[in-house]
Amino acid sequence: MDNELYKLELIFRNIYRKMKEQFNSRMNEYVTTNEYMVLKLMYNGKMRVTDLSKTLEVSASHITSITDSLVQKNLIERSRSSKDRRVVDLELTTEGRALIKNLNQITSNYMQEMFGVFTDDEKKELITLLHKLEKQLFNETKE
1 MDNELYKLEL
11 IFRNIYRKMK
21 EQFNSRMNEY
31 VTTNEYMVLK
41 LMYNGKMRVT
51 DLSKTLEVSA
61 SHITSITDSL
71 VQKNLIERSR
81 SSKDRRVVDL
91 ELTTEGRALI
101 KNLNQITSNY
111 MQEMFGVFTD
121 DEKKELITLL
131 HKLEKQLFNE
141 TKE
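Mind the numbering: the sequence shown is residues 1 to 143 in full-length UniProt numbering, read in order.
1) Looking at the structure shown, is S82 part of a helix, part of a strand, or coil, going by DSSP?
2) Say yes only if the C-beta of E95 is nearer than 8 Å to one or more non-hydrogen atoms of the ligand SAM, and no if none qualify.
3) On the premise that T67 lies in contact with V87, defined as a C-beta separation below 8 Å, what is that separation, rounded to the nearest angstrom?
4) Just the Cα atoms here: how many angstroms apart are S61 and K123?
5) If you scan the UniProt domain "HTH marR-type" (1-135) from start to end, which runs of the alpha helix (DSSP H) of 4 or more residues do you find wholly inside it?
6) Assuming Y43 and L92 form a contact by the criterion Cβ under 8 Å, report the distance between their Cβ atoms to the nearest whole angstrom.
7) CA-CA distance, L56 and S65?
8) Quick check on V49: buried or exposed, where buried means 16 or more other Cβ atoms within 10 Å of its Cβ?
9) Tell me which residues share the same chain as E77 and place their Cβ nearer than 7 Å to its Cβ, disregarding the 5 neighbours each side in the sequence.
10) Which one of K73, H131, D89 and D84 has the shortest CA to CA distance from G96?
Written as structure tokens, this is what we have:
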């Protein structure tokens, strides 16, 4: 393997591992990473298990497990749809809404801490390069 590619592989692996570890250590006091993702998606309004599973690309049973935990923590509530009694809507509670605001601030502070080492121009360049890589990854997986 080309030495430059090997370095990139190691750097990406190390960055991913360390950022995930640090992010989780900040979040796990409150919720799991999966719970955070569900709460974040629900911030703008009611959702259904099927919507969450499609967006997060996981099974409906996995989402049900996560939402069961969030209901127990009084962060979300379930209600029957007024249009179709077979449908169950999920919505943030007041506690859930307050928590996600707090977690969003924690996330923002963490990202500022991580990327504060870059100048504005470096951040723009990094965004450009990572966006190019993202396009490559998603084009490759569509084929």
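Even for Gly, the Cβ is constructed at its ideal location relative to N, Cα and C.
Taking the geometry as given:
1) On the sequence shown, position 82 is the one that residue 82 refers to. Residue state, collapsed to three classes: coil.
2) No copy of the ligand SAM appears in this structure; indeed no ligand is present at all.
3) On the sequence shown, residue 87 is found 87 positions in, with the first residue counted as 1. On the sequence shown, residue 67 is found 67 positions in, with the first residue counted as 1. Between T67 and V87 the Cβ distance is about 14 Å, and since that is not below 8 Å, they are no contact.
4) Working through the sequence shown from its first residue, we reach residue 61 at position 61. Working through the sequence shown from its first residue, we reach residue 123 at position 123. Answer to the nearest angstrom: the Cα atoms are 39 Å apart.
5) 3-27, 33-42, 49-56, 60-72 and 94-115
6) To locate residue 43, count along the sequence shown from 1; it is residue 43. To locate residue 92, count along the sequence shown from 1; it is residue 92. Going by Cβ atoms, the distance from Y43 to L92 rounds to 7 Å, so yes, they are a contact pair.
7) Residue mapping note: residue 56 aligns to position 56 of the sequence shown, counting from 1. Residue mapping note: residue 65 aligns to position 65 of the sequence shown, counting from 1. For L56 and S65, the distance between alpha carbons rounds to 14 Å.
8) As a position in the sequence shown, residue 49 is number 49, starting the count at 1. With 16 or more Cβ atoms within 10 Å of its Cβ, V49 is classed as buried.
9) For the purposes of this step, residue 77 is identified with residue 77 of the sequence shown, where counting begins at 1. Answer for E77: V71, E91 and T93, listed in chain order.
10) Working through the sequence shown from its first residue, we reach residue 96 at position 96. Nearest option by C-alpha distance: K73.
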